[in-house]
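Student: Everything in the sequence shown is counted per the working numbering, starting at 1 for the first residue and increasing by one.
Let me begin by handing over the structure; questions about it come next.
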Amino acid sequence: MAIHLKNITPYIILSSISIIVFSNSMNNGFVYDDSVTIVNNSLIKSWNNFHKIFSFNYFILSGELSYRPVVTLTYFIDYFIWGTKSTGFHLTNIFLQLANTLLLYVLIKQITKSGKIALISALLFTTHPVLTETVNSISYREDLLAVFFSITAFILFLKSDNRILGKNKFIIYYAASLVSYLFALFSKEIAITLLPILILLNIFYSSPGTTLQTILKRIKGIYIGYFLITCVYLIIQFGIFRNVYVRLDQPQQGLFVMLKVFAYYIKLLFLPFNLNADYVVPPLTEGITAFIISILLIITIVILIIRLCKGNNQYRFFTIFFFIALLPVSNIIPVGNIMAERYLYLPTIGFFVAIGILTENYFKYLSTTTVCGGILFILLSILSVCRNGEWRDEYSLWTSTFHREPNSARAHHNLGVVYSTKGFNDYAELEYKRTLEINPKDTEAHYNLGNAYDRKGLIDDAIREYLEAIKYNPYYAEAYNNLGNVYKDKQLLESAIEQYKKAINRNPFNHNYYNNLG
1 MAIHLKNITP YIILSSISII VFSNSMNNGF VYDDSVTIVN NSLIKSWNNF
51 HKIFSFNYFI LSGELSYRPV VTLTYFIDYF IWGTKSTGFH LTNIFLQLAN
101 TLLLYVLIKQ ITKSGKIALI SALLFTTHPV LTETVNSISY REDLLAVFFS
151 ITAFILFLKS DNRILGKNKF IIYYAASLVS YLFALFSKEI AITLLPILIL
201 LNIFYSSPGT TLQTILKRIK GIYIGYFLIT CVYLIIQFGI FRNVYVRLDQ
251 PQQGLFVMLK VFAYYIKLLF LPFNLNADYV VPPLTEGITA FIISILLIIT
301 IVILIIRLCK GNNQYRFFTI FFFIALLPVS NIIPVGNIMA ERYLYLPTIG
351 FFVAIGILTE NYFKYLSTTT VCGGILFILL SILSVCRNGE WRDEYSLWTS
401 TFHREPNSAR AHHNLGVVYS TKGFNDYAEL EYKRTLEINP KDTEAHYNLG
451 NAYDRKGLID DAIREYLEAI KYNPYYAEAY NNLGNVYKDK QLLESAIEQY
501 KKAINRNPFN HNYYNNLG
């Protein structure tokens, strides 16, 4: 009985803390991109639309920028159960965070053979404030799901790697791992890092005396299934289901800018204060001091890593894990944002485990370690709970973002939307104009400013803004539709008909466009 209780105690501790930390997020509403992917998403509101997940119209209907059918499926389920009650959607996110925390504990314990390292890693994973964005924004559920299925695939892979398994059990575990990997990939692209991480595991955790030839032979035999699934996924994601409607205004970032971003990520992990829903990274010419500090910080970190990794394969593996997991969001290929807290959700696993290993190796004999650790986790939990509160609604989220980052075009625009919804049209107009001062190519700001002008009867100004929105996003169906409306108000019927037809061409599933054309 005592042994059984000892075995389940970590799970009870982790479950309790995870629920306590994120329970207040159930009071939050729909924020950020939730209006597009959930509230105004007609696709998820009827199971008759389910087959459309697998059609080429997925991007028009779902609001997603990449092909992520697993995420959309969870929205179907949530809407079927909860309707438009945000509490239910947040409950799903909390459950996924809890599941990821427990799975992470299982995984790290299997790899390191240390319950202490596993517990420290999982506690950091469920209390660290930098992960609150992923849990609080329903639209970022893709990160939760990608990590859930990636860890599951990892655990099943380790199960299948047991030499004493019979052939049948090996096939079951291996096949289940491959299926989990497939689900992870179709949750979010970051899951593609699982393959190199598994290969690295084989290299760093090989038995002493294992030859390179043996390792290569093993890689060829064991990982072929993951490699084939990766190839199939890449063909589907970037070939068959490539999103032709997405336009990223963000240019490819230079190495020096991304070094600043990396240094800021490290800072957030050690000092998780002033968290933000939208980070603005100035060009190198505007922040040379910050850049120099970033370089010095990175050099210091590299030196520390080299010293700590000396003779410690576990530390090497999880350090490299961190960097590999960051690669997909390092803007080698532009991903929409220069930096975001949600981009750290997977990489932090490597970081937190490295902290766990460091704690066990260097502080295990200190009597104050447990007390200090307990205080640290309490402080992190308090910061997370407070940050959850800032995600309560659009106004609280974007007000806090604006105060921390006054040059955030996204914050100004979304505050404008909040003001418009509340009927404060003049304030909304000012926010849209401020947005365009910061980013003249902001499609949504042009569109909403056009709406503001239209409400005031400034038809010519509205036309100008709608045309600007279309200029920067030729696939913006709603802008064509509203442009048609203002042309109709000016009795320019031929022009109105032309715009309605363009709107229908961009989105043939919106019945309002057909009604306007009729």
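Even glycine gets a Cβ: it sits at the ideal position worked out from N, Cα and C.
Could you tell me whether the Cβ atoms of Glu-437 and Val-280 are closer together than 8 Å?
Tutor: The answer is no: Cβ separation not under 8 Å.
Student: When burial is assigned at 16 or more other CB atoms within 10 Å of the CB, is Val-36 buried or exposed?
Tutor: That one is exposed.
Student: Please confirm if the region 21-30 is in contact with the region 71-91, defined as three or more CB-CB distances below 8 Å between the two stretches.
Tutor: Touching, per the Cβ criterion.
Student: For Leu-158 versus Gln-97, is the C-beta spacing smaller than 8 Å?
Tutor: Contact flag unset, no.
Student: Could you pull the start and end residues of the alpha helix (DSSP H) that Asp-78 belongs to?
Tutor: 69-82 is the span of the alpha helix (DSSP H), which, as asked, contains Asp-78.
Student: Using 8 Å as the threshold, is the C-beta distance between Thr-193 and Ile-324 below it?
Tutor: Contact: yes.
Student: Tell me whether Glu-494 is buried or exposed, calling it buried when 16 or more other Cβ atoms sit within 10 Å of its Cβ.
Tutor: The residue in question, Glu-494, is exposed, as its Cβ has fewer than 16 Cβ neighbours within 10 Å.
Student: Assign Glu-405 to one of three DSSP states: helix, strand, or coil.
Tutor: Coil at Glu-405, not helix or strand.
Student: Indicate the three-state DSSP secondary structure (helix, strand or coil) for Pro-474 in the structure shown.
Tutor: The answer is coil: DSSP assigns Pro-474 none of H, G, I, E or B.
Student: Please specify which runs of the alpha helix (DSSP H), each continuous and at least 4 residues long, are wholly inside the region 115-152, giving them in chain order.
Tutor: Fully enclosed alpha helix (DSSP H) runs of 4 or longer: 115-127 and 132-136.
Student: Residue range of the alpha helix (DSSP H) that His-446 falls in?
Tutor: Residues 443-455.
Student: Closest to Ile-53 by C-alpha separation, out of Asp-34, Asn-40, Tyr-75 and Tyr-32, would be which residue?
Tutor: Closest by alpha carbon: Tyr-75.
Student: Below 8 Å between beta carbons: does that hold for Phe-22 and Ile-117?
Tutor: Contact: no.
Student: Use the C-beta contact count for Thr-214: other C-beta atoms within 10 angstroms, 16 or more gives buried, fewer gives exposed.
Tutor: With fewer than 16 Cβ atoms within 10 Å of its Cβ, Thr-214 is classed as exposed.
Student: In the structure shown, what three-state DSSP assignment does Val-280 receive?
Tutor: In this structure, Val-280 counts as coil in the three-state DSSP scheme.
Student: For Leu-47, does the three-state DSSP call read helix, strand or coil?
Tutor: The sequence as given places Trp at residue 47; Leu does not occur at that position. Helix at Trp-47.
Student: Terminal residues of the continuous alpha helix (DSSP H) containing Ser-180?
Tutor: Here the alpha helix (DSSP H) through Ser-180 covers 167-185.
Student: So Tyr-32 packs on Ser-139, CB below 8 Å; how close in whole Å?
Tutor: Right, the Cβ-Cβ distance comes to about 6 Å (below 8 Å), so this counts as a contact.
Student: Evaluate Val-418 with the Cβ neighbour count: other Cβ atoms within 10 Å of its Cβ, from every protein chain shown; 16 or more gives buried, anything less gives exposed.
Tutor: Val-418 comes out buried.
Student: Between the Cα of Thr-399 and those of Asn-448, Cys-386 and Asn-414, spot the shortest distance and give me the residue it belongs to.
Tutor: Ranking Asn-448, Cys-386 and Asn-414 by Cα distance to Thr-399 puts Asn-414 first.
Student: Relative to the C-alpha of Ala-496, which candidate in Tyr-480, Lys-471 and Pro-129 has its C-alpha closest?
Tutor: Among Tyr-480, Lys-471 and Pro-129, the Cα nearest to that of Ala-496 is on Tyr-480.
Student: Could you give the distance in angstroms between the alpha-carbon of Thr-112 and the alpha-carbon of Tyr-432?
Tutor: Computed Cα separation, rounded: 52 Å.
Student: Going by the CB atoms, is the gap between Thr-134 and Tyr-476 shorter than 8 Å?
Tutor: Cβ distance not < 8 Å, so Tyr-476 and Thr-134 don't count as in contact.
Student: Could you tell me the boundaries of the alpha helix (DSSP H) in which Tyr-105 lies?
Tutor: From DSSP, the alpha helix (DSSP H) with Tyr-105 extends over 86-112.
Student: With 16 other CB atoms within 10 Å as the buried threshold, where does Pro-272 fall?
Tutor: Looking at its Cβ environment, which holds 16 or more other Cβ atoms inside 10 Å, Pro-272 is buried.
Student: Whose CA, out of Tyr-466, Thr-72 and Cys-372, lies closest to the CA of Arg-141?
Tutor: Taking only the C-alpha atoms, the option nearest Arg-141 is Thr-72.
Student: Give the secondary structure of Gln-213 by DSSP, where H, G and I count as helix, E and B as strand, and everything else as coil.
Tutor: Here Gln-213 sits in helix by DSSP.
Student: For the region 329-340 against the region 220-237, are there 3 or more C-beta pairs whose distance is under 8 Å?
Tutor: Short answer: they don't touch.
Student: Going by beta carbon distance, what residues of the same chain come within less than 6 Å of Asn-119, once the five residues before and after it are set aside?
Tutor: Checking the sequence shown, residue 119 turns out to be Leu, not Asn. Taken in chain order, the residues that qualify are Pro-10.
Student: Kindly indicate which three-state DSSP category Asp-489 falls into: helix, strand or coil?
Tutor: Residue state, collapsed to three classes: helix.
Student: Three-state secondary structure (DSSP) at Phe-241?
Tutor: In this structure, Phe-241 counts as coil in the three-state DSSP scheme.
Student: To the nearest angstrom, how far is it from the Cα of Leu-107 to the Cα of Ala-153?
Tutor: Taking the straight line joining both Cα atoms gives about 10 Å.
Student: Check whether the Cβ atoms of Leu-185 and Tyr-233 lie closer than 8 Å to each other.
Tutor: Yes; because the gap between Cβ atoms is below 8 Å, this pair is in contact.
Student: Would you decide whether Ala-428 is buried or exposed? Buried here means 16 or more other CB atoms lie within 10 Å of its CB.
Tutor: It counts as buried.
Student: I believe Ala-452 touches Asn-425 by the beta-carbon criterion, under 8 Å. Please report the beta-carbon distance rounded to the nearest angstrom.
Tutor: Ala-452 to Asn-425, Cβ: 6 Å. Contact.
Student: Would you mind stating whether Thr-92 and Arg-387 have Cβ atoms separated by less than 8 Å?
Tutor: For Thr-92 and Arg-387, no; Cβs fall outside 8 Å.
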